[in-house]
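Working notes, beginning with the structure itself.
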Amino acid sequence: MKELADDLRSKVVNELIKRRSETEWFLEGDFETYISHMKQSHVWGGEPELFMSSHVLRVPIRAYMKDKKSNSIKVIAYYGQEYGKENPISVLYHDYGHYDLLH
Numbered sequence: 001m002k003e004l005a006d007d008l009r010s011k012v013v014n015e016l017i018k019r020r021s022e023t024e025w026f027l028e029g030d031f032e033t034y035i036s037h038m039k040q041s042h043v044w045g046g047e048p049e050l051f052m053s054s055h056v057l058r059v060p061i062r063a064y065m066k067d068k069k070s071n072s073i074k075v076i077a078y079y080g081q082e083y084g085k086e087n088p089i090s091v092l093y094h095d096y097g098h099y100d101l102l103h
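When you number the sequence shown by UniProt numbering, it's gap-free, plus one each residue, and the end is 103.
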């Protein structure tokens, strides 16, 4: 399983590099430093990595967050819309910056 995760991480980082002109503006800090940091296997990915994952996997990814007032979950981001709406990967975002796979 770790090999698959490392392979996906490598592909996502390469996609960030390939799309540098599209992504550099929304990454925190220096682009090269960010890329170097994301290459490390112990580092969690965030929104930019979800966005690039949709391109690498060629599937839509929906991010949800729990609405505390209504106790329901709401879509907060939808990546890879160009890959259709069928069978999206769904993740739940938590306030502390972590994502969990929903299905």
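Built from N, CA and C at the ideal position, the CB exists for glycine as well.
Could you give the first and the last residue of the continuous alpha helix (DSSP H) run that contains residue i?
| i | result |
| --- | --- |
| aspartate 30 | Aspartate 30 -> no alpha helix (DSSP H), and no H or E assigned at all. |
| valine 12 | 2 to 18 |
| serine 54 | 47 to 57 |
Between residue i and the rest of its own chain, which residues show a CB-CB distance below 6 Å, the 5 nearest in sequence each way excluded?
| i | result |
| --- | --- |
| histidine 55 | Glu15 |
Would you call the CB atoms of residue i and residue j closer than 7 Å?
| i | j | result |
| --- | --- | --- |
| alanine 63 | valine 91 | yes |
| serine 61 | tyrosine 79 | With the sequence shown as reference, residue 61 is identified as isoleucine, and serine is not the correct amino acid for it. Contact flag set, yes. |
| phenylalanine 31 | glutamate 22 | no |
| aspartate 6 | serine 53 | no |
Where do the ends of the beta strand (DSSP E) carrying residue i lie?
| i | result |
| --- | --- |
| valine 75 | 72 to 79 |
| leucine 101 | 99 to 101 |
| lysine 66 | 61 to 67 |
| valine 91 | 89 to 93 |
Counting C-beta neighbours from all protein chains within 10 Å, is the total for residue i 16 or more, i.e. buried, or is it exposed?
| i | result |
| --- | --- |
| valine 13 | buried |
| phenylalanine 26 | exposed |
| leucine 102 | exposed |
| leucine 50 | buried |
| methionine 1 | exposed |
Which residues in the same chain as residue i place their Cβ atom closer than 8 Å to its Cβ, once the five residues preceding and following it in sequence are excluded?
| i | result |
| --- | --- |
| valine 75 | Arg62, Ala63 and Tyr64 |
| aspartate 67 | Ile73 and Lys74 |
| residue 134 | Outside the shown range of the chain (1 to 103) lies residue 134, about which nothing can therefore be said. |
What residues in its chain sit with their C-beta under 7 Å from that of residue i, if we drop five residues either side in the sequence?
| i | result |
| --- | --- |
| proline 88 | Val59, Pro60, Ile61 and Arg62 |
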